[in-house]
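Residue 0 in numbering that gives the first Met the number 0 sits at position 1 of the sequence shown, and the numbers go up by one each step. Before any comments, here is the structure.
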Amino acid sequence: MMERETAIRIFKCLSDASRLNILSVLQSGEAYGELLAEKLGLSASTLSFHMKKLEEAGLVTSRKDQYYTVYALDQALTKLRLSELIGGENPQEDETQKREEAYRKKVLDAFFDGEKLRQIPVQRKKKLIVLQKIAENFTPGKVYEEAVLSGMIEQIHPDYCTIRRDMISEGILTRENGRYTRVK
0 MMERETAIRI FKCLSDASRL NILSVLQSGE AYGELLAEKL GLSASTLSFH
50 MKKLEEAGLV TSRKDQYYTV YALDQALTKL RLSELIGGEN PQEDETQKRE
100 EAYRKKVLDA FFDGEKLRQI PVQRKKKLIV LQKIAENFTP GKVYEEAVLS
150 GMIEQIHPDY CTIRRDMISE GILTRENGRY TRVK
């Protein structure tokens, strides 16, 4: 995961047309500074300014070859996906996750008394949270006979038929020939 400051430096560097042109030329391979300046119609000092920015951002590397400077793309960095560049930590995402977890806990506390379900929620969002909690009792991918599954659900709530049907309609369970499998 890339640090946020590094990503910002890269994006600022890429916001200049001349630098994008330089990177475009360097995609085909390394090049001498003088050749780059000539190809792009830039003065030596302008090219030097842009190359310094590109090197600081880590997009380009340079090496000396006798009297000349040879530039090349930093292949590792230029092959990164956009999602890897902007990844970083998202404080809003963390806060949203905390709120969702607090809501989930509030719903479970309201509808469960220990391991027993007091009542089946009417609101779909709350019902889905309850069904997912019940589904934790089943191993994903394992096939359950109807009688076994119904018995397990009945220990949580007497209306096992409704819960079983809702779990199928929500895609938590699949049913085939009276046998059930937890999907999620």
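Here a beta-carbon is modelled for each residue, glycine too, at the ideal position from N, C-alpha and C.
| task | In angstroms with no decimal places, state the Cα-to-Cα distance between T45 and A6. | result | Taking the sequence shown and counting its residues from 1, one reaches residue 45 at position 46. Taking the sequence shown and counting its residues from 1, one reaches residue 6 at position 7. If you draw a straight line from the Cα of T45 to the Cα of A6, it is about 24 Å long.
| query | Candidates K126, L72, E175: which alpha carbon is nearest E55's? | reply | In the sequence shown, the residue the question calls residue 55 occupies position 56. Closest option to E55, Cα to Cα, is L72.
| said: If contacts are defined as beta-carbon pairs under 8 Å, then R181 and K141 qualify, I think. What distance do you get, rounded to the angstrom? | reply: Taking the first residue of the sequence shown as 1, we reach residue 181 at position 182. Taking the first residue of the sequence shown as 1, we reach residue 141 at position 142. About 7 Å separates the two Cβ atoms, so the contact holds.
| Could you give the uninterrupted runs of the alpha helix (DSSP H) lying entirely in the segment 95 to 173, keeping only those of 4 residues or more? | With a minimum length of 4 residues, the continuous alpha helix (DSSP H) runs that stay inside the segment 95 to 173 are 123 to 134, 145 to 153, 159 to 168.
| CA-to-CA distance, N20 to T138, given in whole angstroms | Looking up residue 138 in the sequence shown gives position 139. Looking up residue 20 in the sequence shown gives position 21. Whole-angstrom Cα-Cα distance: 55 Å.
| query | Quick one: complete beta strand (DSSP E) runs, 3+ long, within the segment 24 to 88? | reply | Segments of the beta strand (DSSP E) lying fully in the segment 24 to 88: 59 to 64, 67 to 72.
| Rounded to a whole number of angstroms, what is the C-alpha to C-alpha distance between M50 and Q96? | The residue given as residue 50 occupies position 51 in the sequence shown. The residue given as residue 96 occupies position 97 in the sequence shown. Approximately 42 Å, taken between the alpha carbons.
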